[in-house]
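Heads up: the sequence shown runs through residues -22 to -1, 1 to 515, numbered per mature numbering (1 follows the signal peptide of the UniProt record, and there is no 0).
No residue lacks a Cβ here, since even glycine has one placed at the ideal position from N, Cα and C.
Given the structure is predicted, the values throughout are model-derived calculations rather than measurements.
Written below as structure tokens is the structure these notes are about.
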Amino acid sequence: MKHSVSVTCCALLVSSISLSYAADVPSTTVLAEKQELVRHIKDEPATLDPAKAVGLPEIQVIRDLYEGLVNQNEKGEIVPGVATQWKSNDNRIWTFTLRDNARWSDGTPVTAQDFVYSWQRLVDPKTLSPFAWFAALAGVNNAQAIIDGKMTPDKLGVTAIDARTLKVQLDKPLPWFANLTASFAFYPVQKANVASGKDWTKPGNLIGNGAYVLQDRVVNEKLVVVPNTHYWDNGKTVLQKVTFLPINQESSATKRYLAGDIDITESFPKNMYQKLLKDIPGQVYTPPQLGTYYYAFNTQKGPTADSRVRLALSMTIDRRIMAEKVLGTGEKPAWHFTPDVTAGFTPEPSPFEQMSQEELNAQAKTLLRAAGYGPQKPLNLTLLYNTSENHQKIAIAVASMWKKNLGVDVKLQNQEWKTYIDSRNTGNFDVIRASWVGDYNEPSTFLSLLTSTHSGNISRFNNPAYDKVITQATMENTDKARNADYNAAEKILMEQAPIAPIYQYTNGRLIKPWLKGYPIMNPEDVAYSRTMYIIKH
């Protein structure tokens, strides 16, 4: 399936019909007197600092507390945020004009210099940002050299021409650069706030520029945000209180939803899908999402350092069974890393998809024998996943397939989110559960993840040919040429198997019928609380 990316050499975008993306309440709608929303998130946010964020639990909250140059609408298209317009004549030098009424939650103006400071802080090695790579991926001039410690942060290709004009210089033309600025990694933070001390992200201290401010936080219990009265579009904010509840067990979150304690869940147990459809019709949603669930193999140490072992393990995962039986909520088998809904991607047929599972299993056994494993020397592995009923269910199914078809002994290990992140970052695993939801809607958001210098390269995959083809894709002048490069990259991933894509995401969640304005069809699942409202019920 192909979705075109519309770009031009001279890009000028000024929105006259949608100068804001806020709650769009029909005139005939009767609003509930109490505009208070309870949102489920899957874990306790690891941070509320945009430069330190890495997981969806924190990103969901951060999107309410901060605002970048651009936002996304319900379709995933970019619309004005702090910037009212942006332009480039060559896709290499970009100019953003900031709105004059953008304010921090303390009432002071948001300026171009705030973005300069924040982007420099993002790439500064002292910040230790897990998303510093994103600035390099976006092609911001000198970003990679600064990350590597070869240049100082002030050499980053971002300049404040004046208080309301931000100039960004890229190291190569990138037609979709403006789309990338919607990422939380590029959100601004106030310099004085960061400098105030280590507790700057706590309630009462945090100064953001988003539609909401942090009112309360009880670790592992709740985060509460209320409207930012200084937000430039605060007049259109309807919800007066949003409470985020971190619950990592889908069954617990679903139980609280059914009890009326939660208005929207981040997920639900797959095995409850049919029952939920029957019991609460019209409240169960499973649209496709720009995301892939996969297992990453440790390519640097242990048995999975051998590509034959990795490929054998990948081949014996029955993706059809996983999608249709183990999950069964509309997921598609992942025959490639890049999801089918990705704009600008037309996948070539995968050999895996064209073979029967019996044929794949037979080839996998041959590969494993060649790697030195068999009945006399069984392969032993640990499969790590973060605590979740769905992750556990998938791990049990995959471990069973590996045992049945290859005789592999698999030890299942679950860890809480922060411990899991530490294990992932230090490479302390054989096989680890992972997922990627695109930061923007273009294949490179997935495929760049496996380049050798990418901090999100969990498997530590290092393949010069792969790096070269990904770099080449960014230099292409046509969609057709880029698509050919992306398919070449997918072929390398299939053959070397640093990861095993399992299924393409659906955005499974439960939503109360009185909650309106949730962008259910946004492929990246970008949802700002300011677009939502509650009708009388």
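Counterpart residues of residue i in DSSP-defined beta bridges
| i | result |
| --- | --- |
| L362 | Q391 and I410 |
| A138 | L144 |
| G269 | V415 |
| P310 | The amino acid at residue 310 is misidentified as Pro; the sequence shows Lys. DSSP, once it has assigned bridges, lists Q482 as partnering K310. |
| I513 | L9 |
| K396 | Answer is none; K396 lacks a bridge partner. |
| F275 | V409 |
| V118 | L148 |
| Y263 | R487 |
| E14 | K219 |
| I242 | R17 and I489 |
Start and end residues, alpha helix (DSSP H) containing residue i
| i | result |
| --- | --- |
| S292 | S285 to M293 |
| V172 | K169 to V172 |
| A505 | From DSSP, A505 is part of no alpha helix (DSSP H); its letter is neither H nor E. |
| Y209 | Element bounds for Y209: n/a, residue is neither H nor E. |
| L158 | F155 to L158 |
| S422 | S422 to L425 |
| Y251 | Y251 to D257 |
Endpoints, the beta strand (DSSP E) within which residue i is located
| i | result |
| --- | --- |
| K219 | K219 to P224 |
| K200 | K200 to P205 |
| R234 | First-last for R234: E228 to L236, but that is the alpha helix (DSSP H), not the beta strand (DSSP E). |
| L192 | Y190 to V196 |
Anticipated Cβ contact below 8 Å, residue i with residue j, distance rounded
| i | j | result |
| --- | --- | --- |
| A290 | L346 | 4 Å |
| M300 | A375 | 6 Å |
| P479 | F315 | 5 Å |
| R286 | A340 | The Cβ separation is near 15 Å, so there is no contact. |
| K233 | T307 | About 18 Å; that fails the 8 Å criterion. |
| K200 | L236 | That pair is no contact at about 19 Å. |
| S413 | I448 | The Cβ separation is near 20 Å, so there is no contact. |
| Q98 | L134 | 5 Å |
| D239 | R17 | With a Cβ gap of about 12 Å, D239 and R17 do not count as contacting. |
| A1 | T509 | 5 Å |
| I512 | L15 | 7 Å |
| residue 520 | V94 | What the structure shows of the chain is the stretch from -22 to 515, and residue 520 is not part of that stretch, so it cannot be assessed. |
| D387 | P356 | 6 Å |
| Y165 | P58 | At roughly 15 Å, the Cβ-Cβ gap does not stay under 8 Å, so Y165 and P58 are not in contact. |
| V220 | V203 | 5 Å |
| A321 | N419 | 5 Å |
| V32 | I477 | Not a contact, Cβ separation roughly 18 Å. |
Give a yes or no on contact between the segment 149 to 164 and the segment 95 to 114, applying the rule of three or more CB pairs nearer than 8 Å. Contact between the segment 149 to 164 and the segment 95 to 114 is present, because at least three Cβ pairs lie under 8 Å.
Ignoring anything shorter than 3 residues or poking outside the segment 19 to 92, list the beta strand (DSSP E) runs there in chain order. Counting only runs of 3+ residues, the beta strand (DSSP E) found wholly inside the segment 19 to 92 occupies 48 to 50, 56 to 58, 61 to 66 and 71 to 76, in chain order.
Do three or more CB pairs link the segment 138 to 158 to the segment 2 to 19 at distances below 8 Å? Fewer than three pairs of CB atoms, one per stretch, sit closer than 8 Å, so the segment 138 to 158 makes no contact with the segment 2 to 19.
If we require 4 or more residues per run, which alpha helix (DSSP H) segments fall completely within the segment 432 to 503? Runs found: 442 to 453 and 457 to 474.
The segment 381 to 396 / the segment 248 to 267 touching (three or more Cβ pairs under 8 Å): Contact fails: fewer than three Cβ-Cβ distances are below 8 Å.
Unbroken alpha helix (DSSP H) runs of length 4 or more, entirely within the segment 333 to 385: which are they? Listed in chain order, they are 335 to 348 and 367 to 384.
Do three or more CB pairs link the segment 466 to 484 to the segment 12 to 23 at distances below 8 Å? Three or more beta-carbon pairs separated by less than 8 Å are not found between the segment 466 to 484 and the segment 12 to 23, which leaves the two stretches without contact.
Are there three or more Cβ pairs, one per stretch, closer than 8 Å when the segment 192 to 203 is compared with the segment 165 to 183? A contact is defined here as three or more CB-CB pairs under 8 Å, and the segment 192 to 203 meets this definition with respect to the segment 165 to 183.
The segment 437 to 444 / the segment 270 to 279 touching (three or more Cβ pairs under 8 Å): They touch, by the three-pair rule.
Is the number of C-beta pairs between the segment 212 to 221 and the segment 443 to 457 that are closer than 8 Å three or more? With the cut-off at 8 Å, the segment 212 to 221 and the segment 443 to 457 do not touch.
Validate contact between the segment 46 to 61 and the segment 492 to 508 using beta carbons, cut 8 Å, 3 pairs: By the Cβ test, the segment 46 to 61 is in contact with the segment 492 to 508, since at least three Cβ pairs between them sit closer than 8 Å.
Touch check for the segment 122 to 135 and the segment 73 to 80: three-plus C-beta pairs under 8 Å? The segment 122 to 135, when compared against the segment 73 to 80, does not touch it at the 8 Å Cβ threshold.
Pairing CB atoms from the segment 406 to 421 with CB atoms from the segment 80 to 93, are three or more of them under 8 Å? The segment 406 to 421, when compared against the segment 80 to 93, does not touch it at the 8 Å Cβ threshold.
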